[in-house]
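Counting from 1, position 161 in the sequence shown corresponds to residue 161 in full-length UniProt numbering; the numbering is continuous, with no gaps.
No residue lacks a Cβ here, since even glycine has one placed at the ideal position from N, Cα and C.
To keep things clear, I will list the structure first and then write my remarks on it.
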Amino acid sequence: MGGPKKEETPPGGGPTSLFILTEDNPIRKYTRFIIEWPPFEYTVLLTIIANCVVLALEEHLPECDKTVLAQKLEKTETYFLCIFCVEASLKILALGLVLHKHSYLRNIWNIMDFFVVVTGFMTQFPQLGPEVDLRTLRAIRVLRPLKLVSGIPSLQVVLKSIIKAMAPLLQIGLLVLFAIVIFAIIGLEFYSGALHKTCYSLEDPNKPVKEGESETPCNTDNATDKSGGSYVCNYTTSMCLEKWDGPNSGITSFDNIGFAMLTVFQCITMEGWTAILYWVNDI
1 MGGPKKEETP
11 PGGGPTSLFI
21 LTEDNPIRKY
31 TRFIIEWPPF
41 EYTVLLTIIA
51 NCVVLALEEH
61 LPECDKTVLA
71 QKLEKTETYF
81 LCIFCVEASL
91 KILALGLVLH
101 KHSYLRNIWN
111 IMDFFVVVTG
121 FMTQFPQLGP
131 EVDLRTLRAI
141 RVLRPLKLVS
151 GIPSLQVVLK
161 SIIKAMAPLL
171 QIGLLVLFAI
181 VIFAIIGLEF
191 YSGALHKTCY
201 SLEDPNKPVK
211 EGESETPCNT
221 DNATDKSGGS
231 YVCNYTTSMC
241 LEKWDGPNSG
251 ITSFDNIGFA
261 MLTVFQCITM
271 EGWTAILYWV
281 NDI
């Protein structure tokens, strides 16, 4: 009761860092002071913002050519990577790498930062070989704005709240999926294989006749056999044959449950649904 209190490890601390730097080690003390020093934090944030501006200003031309501005901005990549690498190194020295509870890689935001730094350095070595797609690695640079999240705690709170709110929305997503499946099955029953007829030229039976910019599904080339509202080919110049891939190279169809669900999803997004309406009316 009256004995001395056991000294607790400071938040973010661990017994050792990289197996050699103890809590009393001067290097570890100074690195922890630096990463918690407000000017250092502001410098990192300004660097991230500047890097985002540079990424936004890049302008690439065809044939992998680049503008003069893009070539100059590309030279700044090394400087940004060096700053991010120094930041990661200081945090690893101060917190440790991964083994203890509060180490660097035990934080999800630090994992993202470390991933961005490592992939960034990989793009600086084109001699890695043709098996490494450097364009894909460079595309990962779009994650750099997310480094702002690791530097601004309030953004972390907002992002965590959004992620937690997504779980209850899963039930709504399942309800929407259930509705899509129901209407996709209805489409399979009524329109399976029905969107493969279109008008072909009498002179060249392999040449589809276009109505405007694209082919149109047809019902018949005999006006007396047509159903109400269906599209009839001009029997003097064309004939209705069932050998067409279908609209959008056969993707917009009800031939299987996958394409049917995709078509229903397109309709509920209200994007291009009128074309699908006219196509099913034409048959």
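Bridge partner(s) assigned by DSSP for Thr22: Thr16
CB contact flag (Ser253, Thr263, <9 Å): yes
Residue(s) in a DSSP beta bridge with Ser214: Glu211
In DSSP terms, what Lys66 is bridged to: His60
Same chain, Cβ closer than 6 Å to Cys218, neighbours up to 5 away in sequence not counted: Lys197, Thr198, Cys199, Tyr231, Cys233, Cys240
Cα-Cα separation, Met270 to Ile162: 26 Å
As assigned by DSSP and simplified to three states, the class of Cys52: helix
For Trp273 and Ala260, the rounded distance between their alpha carbons: 13 Å
Rounded distance between the beta-carbons of Val117 and Leu81, thought under 8 Å: 7 Å
Beta-carbon proximity list for Gly120, same chain, < 6 Å, skipping 5 on both sides: Leu81
In DSSP terms, what Val98 is bridged to: Paired residues: none, contrary to the question.
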